[in-house]
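Written out below as structure tokens is the structure these notes cover.
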Amino acid sequence: MKKLVLVESPSKAHTINKYLGKDYIVKATVGHIKNLPKNSIGVDIENGFEPKYEIIKGKEKTTGEIKKLAKNADIIYLAPDPDREGEAIAWNIKELIDEIKGKKPEIKRVLFHEITKDKVVKAIENPTELNKPMYESQKARRILDRLVGYNLSPFLWEKIRMGLSAGRV
């Protein structure tokens, strides 16, 4: 069985790969792979405030490698950080993998709060499912940041000082 583990950090990937051994391929996403576009608001306000995520510029190679590895995997363990941003990364990876034609690998969520051999192995042995409510909370925060920041930041530039931002635009 071919097993793929996806984490955020290259240093975590290296350490986890040592713990899990040759039966696993461990790859880092190096953070988020998708974001709202920089050149527009990126939120469809008239259709349920649906975000229009796109692959982050410079992440095409990483996403291509993930797709290639996923095509050959039987199971994929999504192991970004156990927080809202990590959950968003996990969901974005799942969406990327869902684009693959043909047989789909099984996808599991893995949570660990420390990178020790014992905790990593235990997490792999006890995977869970993706946490949609946590992902939805991150998505809502991201949309609100964009709606407020994208519209308010230009006002701040004009009235107070260039370069100020409102929210995490």
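For the sequence shown, counting from 1, position 149 maps to 1447 in this note's numbering; every step adds exactly one.
Virtual Cβ for every residue (Gly too), placed ideally from N, Cα, C.
These figures come from a predicted structure and were not determined experimentally.
Secondary structure at LEU1334, three-state DSSP: helix, strand or coil? Here LEU1334 sits in coil by DSSP.
For the pair the segment 1302 to 1315 and the segment 1369 to 1382, tell me if three or more CB-CB distances fall below 8 Å. Enough Cβ pairs lie closer than 8 Å, so yes.
On the three-pair Cβ rule with 8 Å, is the segment 1417 to 1429 touching the segment 1401 to 1408? At 8 Å Cβ cutoff, the stretches touch.
Whole-angstrom C-beta distance between LYS1365 and LEU1394, which should lie under 8 Å: The Cβ separation is near 6 Å, so the contact holds.
Cutting at 7 Å between CB atoms, please list the residues of its own chain near LYS1332, excluding the five before and the five after it. Take LYS1332, set aside five residues on each side of it, and the residues of its chain with a beta-carbon closer than 7 Å to its own are TYR1351, GLU1352, ILE1353, ILE1354, ASN1390, in chain order.
Please check the pair LYS1310 and ILE1387, which I expect to be a contact at CB under 8 Å, by giving their CB distance rounded to whole angstroms. The pair is not a contact, with the Cβ atoms about 13 Å apart (cut-off 8 Å).
Please name the residue in GLY1346, GLY1384, THR1327, LYS1392 whose C-alpha comes closest to that of GLU1363. Residue THR1327 is the option with its Cα nearest to GLU1363.
Buried or exposed: which applies to ILE1314, given that a residue is buried once 16 or more other Cβ atoms fall within 10 Å of its Cβ? A buried status is given to ILE1314, since no fewer than 16 other beta-carbon atoms sit within 10 Å of its beta-carbon.
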